[in-house]
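Remarks on the structure that follows.
Residue numbers (the numbering used here): 178 to 387.
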């Protein structure tokens, strides 16, 4: 990838393009991010940059993380993320990455943690249909139903869609478009919706399919 940055989801709104058409956008506060660690092929076997985002008090850090930041003389950050950029040599520890690293019209992928829905049944979680309401079915019509044959395979296959914790998992939305950038306030307007609640941390990278 060429570019990457850590951001915080602000919320959704809409803007008008040149033709007067309404475009739904998600506003993300992207950066400023500081380069906390630089990994090289010689020392680590691969080239990457570790970016930090979001200020945090020193007393809220544990001792290993506090030493990690003190070693490179960088203020503690609440979120760390590693990006395998192709031009890692152009950045050094302490450099700042801002929203203007991207440009209007860029195709991007956004990675975030989806909203948690709590415990959900098979119908809501896996889009399964209800059971029959006649011929002895019941008393519950929204349960999962038959789990498989009796003597063979005599077990439940792995991956069977069942009730359980829904949401709160990593989700990637691909091929989104950057509509507007406010470099002064480090804001990026992305066409469409992205995962997570307001205030959730997201990672913006170049689209792998563009």
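By construction, the Cβ of each residue, glycine as well, lies at the ideal position given by its N, Cα and C atoms.
Within its chain, find whatever has a CB closer than 6 Å to the CB of residue 322; leave out the 5 residues flanking it on each side and keep chain order. By 1-based counting over the chain shown, the position of residue 322 is 145. These residues qualify, in order along the chain: 308.
DSSP beta-bridge partners for residue 201? To locate residue 201, count along the chain shown from 1; it is residue 24. The partner list for residue 201 (beta bridge, DSSP) reads 191.
Taking C-beta to C-beta, are residue 204 and residue 186 nearer than 9 Å? Mapped onto the chain shown, residue 204 falls at position 27. Mapped onto the chain shown, residue 186 falls at position 9. Against a cut-off of 9 Å, the Cβ pair of residue 186 and residue 204 comes out as a contact.
Those residues which DSSP pairs with residue 343 across a bridge: Taking the chain shown and counting its residues from 1, the one referred to as residue 343 is at position 166. In DSSP, residue 343 forms a bridge with 295.
In or out: residue 227 buried (at least 16 other Cβ within 10 Å) or exposed? As a first step, residue 227 is located in the chain shown; it is residue number 50 there, counting from the start. So residue 227 ends up on the buried side.
Leaving out five residues on either side along the sequence, give the residues of the same chain with a beta carbon under 8 Å from the beta carbon of residue 296. In the chain shown, counting from the first residue as 1, residue 296 sits at position 119. Result list for residue 296: 340, 341, 342, 343, in chain order.
Can you give the Cα-Cα distance for residue 284 and residue 255, rounded to whole angstroms? Sequence index remark: in the chain shown, residue 284 carries index 107 (1-based). Sequence index remark: in the chain shown, residue 255 carries index 78 (1-based). Rounded to the nearest angstrom, the two C-alpha atoms are 27 Å apart.
So, with DSSP's three-state summary, where would you put residue 278? Translated into positions along the chain shown, residue 278 becomes position 101. Helix.
Under 9 Å between the Cβ atoms of residue 207 and residue 364? If you number the chain shown from 1, residue 207 lands on position 30. If you number the chain shown from 1, residue 364 lands on position 187. Yes, Cβ-Cβ distance for residue 207 and residue 364 is below 9 Å.
Under a three-way DSSP split, which group does residue 383 fall into? Counting from 1 along the chain shown, the entry for residue 383 is found at position 206. Correct three-state label for residue 383: strand.
Euclidean distance between Cα positions of residue 221 and residue 326: Translated into the one-based positions of the chain shown, residue 221 becomes position 44. Translated into the one-based positions of the chain shown, residue 326 becomes position 149. Distance between the alpha carbons of residue 221 and residue 326 is about 51 Å.
Assuming residue 166 is part of the beta strand (DSSP E), what are its boundary residues? With the chain covering only 178 through 387, there is no way to say anything about residue 166.
So which of 190, 252, 248 has the shortest CA-CA distance to residue 236? Position 59 of the chain shown holds residue 236. It is 252 whose Cα lies nearest to the Cα of residue 236.
Using C-beta distances below 6 Å, list every residue in its chain close to residue 357, excluding the 5 sequence neighbours before and after it, in chain order. For the purposes of this step, residue 357 is taken as the residue at position 180 of the chain shown. Only 366 meet the Cβ criterion.
Bounding residues of the beta strand (DSSP E) (the contiguous stretch that carries residue 251): Translated into positions along the chain shown, residue 251 becomes position 74. Neither: residue 251 is in no beta strand (DSSP E) and is coded neither H nor E.
Is residue 231 near the ligand ZN, in the sense that its beta carbon is under 8 Å from a heavy atom of that ligand? The ligand ZN is not among the ligands present in this structure, which contains no ligands whatsoever.
Selected residue, minimal CA-CA separation from residue 337, among 385, 209, 305: Here the question's residue 337 lines up with position 160 in the chain shown. Residue 305 is the option with its Cα nearest to residue 337.
Can you tell me the Cα-Cα spacing of residue 386 and residue 351, whole angstroms? The residue labelled residue 386 in the question sits at position 209 within the chain shown. The residue labelled residue 351 in the question sits at position 174 within the chain shown. So the alpha carbons of these two residues sit roughly 8 Å apart.
Just to confirm, are residue 289 and residue 209 a CB contact at a threshold of 9 Å? Locating residue 289 in the chain shown gives position 112, where the first residue counts as 1. Locating residue 209 in the chain shown gives position 32, where the first residue counts as 1. Their beta carbons are not under 9 Å apart, which means residue 289 does not touch residue 209 by this criterion.
Go through its chain and collect everything with a Cβ distance to residue 278's Cβ below 7 Å, but skip five positions before and after it. In the chain shown, the residue the question calls residue 278 occupies position 101. Closer than 7 Å at the Cβ level, and outside the excluded window around residue 278, lie 180, 182.
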